[in-house]
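Trainee: Protein chains in written order, with the working numbering: chain C, 61 to 330; chain P, 37 to 302. Glycine included, each C-beta is placed from N, C-alpha and C at the ideal position.
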Amino acid sequence: MFRSSKKALHNPLPFIWQQISIQIQMRALSLFSFGLLVVQPAVFSAVGYLLARMAGKSTPDLVHVIIGGGIMGMWSSMVFTSFFDISNDRRSGTLELIVGSPTSLTTVLAVRTFANILTGMVSMLLSFFVVIVLFRFSIPLRNLPYIAISLLILFFGFWSVGLFLAHFRAASRVTGMFINYLELPVSILAAFMFPIEYLPRWVMWLSNSIPLRWGVTGLNSSFQVQPAFSTIWLDWAISIGISLIYLVVTHFLAQRVHDMIRITGELSSV
Amino acid sequence: MMKNLMGNIRLYFASAWYSYRALYAWQSFAPYISVKIAFPLAQMLLFLFMGRLAGLTDPLYIVIGNILLLPATNGVSGVSMTISGERDFRTLPYLIASPAPRGPLFLGRALVHIIDGLLSTIMAMLLGVLFFHVDLTHSNLFLTTLCILLLSLTSCGMGLILGSLSLRTREAWTITTMVVTAFYIFSGVNFPVDVLPKSLQVVSYSLPLTRGIQAARLAMDGAGWLTIQSLFIGELLTGMIYIGIGYLVFTWFEKLSLVDGQIETV
């Protein structure tokens, strides 16, 4: 008998599909997700709309108020789901099984975060639907490639931040308290619902360190009548660069989490 | 009868004391302060920037509105969380099984959230003065404080209704969060209620907080009792109606849960 020294090639697709399917089913039936993805962005956008009415305008700044609301919904959904996924596993006793499985925790979290972003897209798609159908906002065809690329880069930013937060949660139990205060401040620092220029100068260094801020700026510029490629590409490049930095930091965090789990045996402290 | 009354009063304050202990058991001092400072400030800033985008030049309407919403959200969320927390910690069946009268038991738990709401508002008011130049020099401070206390009290009714949902559903806290979010539209926090379409104004005036916030705004502008009395009394009545409904809903759900045994299963 001859046994090949080569390992059989592992097909990751069934695993990815299974994880995405479970994540989406969990979100689809959850009232909590409905609140984060639909109710909250709708309320914030409605406030923006009514504030514009109060100021005497018939239509608000649709990109910031409505699409910004969609981005905010996506952020809220991702920040809570990615951050608390690992806690839920711990509570339901599945964390030990995941850690014991041959697939690394980071891989599981990466696919889950991706699934959470896919779910979060509901909020974004709804905002586009409202803007185009209800407000009859027309997007020129020449803008579409810019918008598509900006959205992809924004989603990559969301994924890198989500993955970072999921590992951050794994590395420290106390971060659970801190997450509740992260949702709104990041929405402000990344200027989802207003122009970034409104932020005071002294806070810009913090804002600039968030890839979503650059992704959102790129997306907003893509909606302009004459999108200026000379500035948009810079937003894209910075967003990708900072996202990669987040991924590098996440890699080191993942090693720490791995040591906590398998070497020092601190699984229950996760 | 006297013994009964004293028993209820004792139960009211015992519930308030346990509620106080519970509030500070899950929140150590540092996160508590950040909830009191960071969260209201962030909320205020977001709406301020949105107001600026809309073209509003005077941010004070939004700042004051968000400060005045604090005691209300404290009342709604605090009372609702107190009841849904019983479910989360699996103590709800014991509570249901006890013969303690429900009124003093749950209203006592609301007391700490009323006081906490007042403290939160004072803290936010200081932030408003420091960062947003809220001018309190012409305010009728006594009436403003009275209005804030009123808001804390009347919001407890809504909290009681939402918390009662814990007896029938796991999603009571999620529903509470959604309702609190809806207050940003309906209670005149960020814009006057008359900006809303007529049909939504009806919804707005059928909720607690709307009149109370209007009364508090007037008191902060220096108005006297005669100016705010109709709003104040209207808010008080609305709040009492909601507390009454909350009590009825709780006892109704309690009976239903005992009949079909679904306290822990739903």
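Given a cut-off of 9 Å, decide if P:M194 and P:V112 are closer than it, judged by their beta-carbon atoms.
Mentor: Yes.
Trainee: Compare the C-beta of P:F83 with all C-beta atoms of chain C and state if any pair is closer than 9 Å.
Mentor: At least one chain C Cβ lies under 9 Å of P:F83.
Trainee: Cβ closer than 7 Å: which chain C residues qualify as neighbours of P:Y303?
Mentor: Chain P is shown from 37 up to 302; residue 303 of chain P falls before or after that span and cannot be answered.
Trainee: For C:L186, does the three-state DSSP call read helix, strand or coil?
Mentor: Helix at C:L186.
Trainee: Closer than 7 Å between beta carbons: that is the criterion. Which residues of the stretch 108-122 of chain C meet it against chain P?
Mentor: Cβ contacts with chain P: G108, L110, L111, A112, R113, M114, A115, K117, P120 and D121.
Trainee: C:H124 touches chain P at which residues, Cβ-Cβ below 7 Å?
Mentor: Chain P residues near C:H124: L89.
Trainee: Can the beta-carbon of C:S137 be found less than 9 Å from the beta-carbon of C:S187?
Mentor: Contact flag unset, no.
Trainee: Going by the beta-carbon positions, is the gap between C:L165 and C:F224 smaller than 9 Å?
Mentor: In this structure, C:F224 does not lie closer than 9 Å to C:L165 by Cβ.
Trainee: Would you identify the three-state DSSP class for P:L212, choosing helix, strand or coil?
Mentor: The sequence shown places Thr at residue 212 of chain P, rather than the Leu named in the question. Helix, per DSSP.
Trainee: Comparing alpha-carbon positions, which option in P:F125, P:G282, P:S191 and P:L203 lies nearest P:S223?
Mentor: Cα-wise, what sits closest to P:S223 is P:S191.
Trainee: Candidates P:L189, P:L201, P:F219 and P:G101: which alpha carbon is nearest P:L272's?
Mentor: Of the candidates P:L189, P:L201, P:F219 and P:G101, the one whose C-alpha sits nearest the C-alpha of P:L272 is P:L189.
Trainee: If we define contact as Cβ-Cβ less than 9 Å, is C:L244 a contact residue for chain P?
Mentor: Yes, because at least one Cβ of chain P sits closer than 9 Å to the Cβ of C:L244.
Trainee: Compare the C-beta of P:V238 against all C-beta atoms of chain C and say whether one is closer than 9 Å.
Mentor: Taking Cβ atoms only, chain C never reaches closer than 9 Å to P:V238, which makes this a no.
Trainee: Of all the residues that make up the stretch 73-88 of chain C, which are near chain P by a beta-carbon distance shorter than 9 Å?
Mentor: Hits within the stretch: zero.
Trainee: In chain order, what residues of the same chain lie with their CB nearer than 7 Å to the CB of C:M61, ignoring the 5 residues before and after it?
Mentor: Here C:M61 scores only 46 on pLDDT, less than 50, and its place in the model is too uncertain to base an answer on.
Trainee: Alpha carbon to alpha carbon, how far is P:S200 from P:E207?
Mentor: P:S200 and P:E207: Cα-Cα distance of roughly 11 Å.
Trainee: Taking the C-alpha atoms as reference points, what is the distance between C:T179 and C:E243?
Mentor: C:T179 and C:E243: Cα-Cα distance of roughly 17 Å.
Trainee: Between P:T210 and chain C, is any beta-carbon pair separated by less than 9 Å?
Mentor: By this cut-off, P:T210 is an interface position.
Trainee: Could you give the DSSP three-state label for P:P129: helix, strand or coil?
Mentor: Helix at P:P129.
Trainee: Would you kindly work out how many angstroms separate the C-alpha atoms of C:N268 and C:W274, rounded to a whole number?
Mentor: One C-alpha to the other measures close to 7 Å.
Trainee: Between C:A251 and chain P, is there a C-beta pair that is closer than 9 Å?
Mentor: C:A251 counts as touching chain P.
Trainee: Compute the distance between the beta-carbons of P:L89 and C:P120, then report whether it is under 9 Å.
Mentor: Yes, the pair counts as a contact, with Cβ atoms nearer than the cut-off.
Trainee: Taking only beta-carbon atoms, is C:V28 less than 9 Å away from chain P?
Mentor: Lying outside 61 to 330, the shown extent of chain C, residue 28 of chain C is not represented and no answer is given.
Trainee: How about P:L225 and P:G164: do their beta carbons lie closer than 9 Å?
Mentor: Rather than Leu, the amino acid found at residue 225 of chain P in this sequence is Val. The answer is no: Cβ separation not under 9 Å.
Trainee: Starting from C:P255, find everything on chain P with Cβ-Cβ shorter than 8 Å and list it in chain order.
Mentor: In chain order: L89.
Trainee: Taking C-beta to C-beta, are P:T210 and C:F92 nearer than 9 Å?
Mentor: Yes, these two residues count as a Cβ contact at 9 Å.
Trainee: In chain P, which residues lie with their C-beta within 8 Å of the C-beta of C:I248?
Mentor: Near C:I248 (Cβ distances below 8 Å), the residues of chain P are A78, L81, L82 and F85.
Trainee: So what's P:V112 in DSSP terms, helix, strand or just coil?
Mentor: Note: P:V112 maps to helix in three-state DSSP.
Trainee: Is C:F92 close to chain P? Criterion is C-beta to C-beta, closer than 9 Å.
Mentor: Yes - at least one Cβ of chain P is within 9 Å of the one on C:F92.
Trainee: Please classify P:R46 as buried or exposed, where buried requires at least 16 neighbouring CB atoms within 10 angstroms.
Mentor: Looking at its Cβ environment, which holds fewer than 16 other Cβ atoms inside 10 Å, P:R46 is exposed.
Trainee: Just verifying my parser: in three-state terms, what is the DSSP assignment at C:Y109?
Mentor: Of the three classes helix, strand and coil, the one that applies to C:Y109 here is helix, per DSSP.
Trainee: Please state if the CB of P:F168 and the CB of P:M276 are separated by a distance shorter than 9 Å.
Mentor: Cβ distance not < 9 Å, so P:M276 and P:F168 don't count as in contact.
Trainee: Taking its Cβ as the centre, do 16 or more other Cβ atoms sit within 10 Å of P:G280, making it buried, or is it exposed?
Mentor: By the neighbour-count rule (16 or more Cβ atoms within 10 Å), P:G280 is not buried but exposed.
Trainee: Any idea if P:F219 is buried or exposed, counting beta-carbon neighbours within 10 angstroms, 16 or more meaning buried?
Mentor: Result: buried.
Trainee: With 16 as the cutoff for other CB atoms within 10 Å, does C:E352 come out buried or exposed?
Mentor: In the structure as shown, chain C starts at 61 and stops at 330, and residue 352 of chain C therefore has no counterpart that could be examined.
Trainee: With a cut-off of 8 Å, do at least 3 Cβ pairs link the stretch 283-302 of chain C to the stretch 316-324 of chain C?
Mentor: With the cut-off at 8 Å, the stretch 283-302 of chain C and the stretch 316-324 of chain C do not touch.
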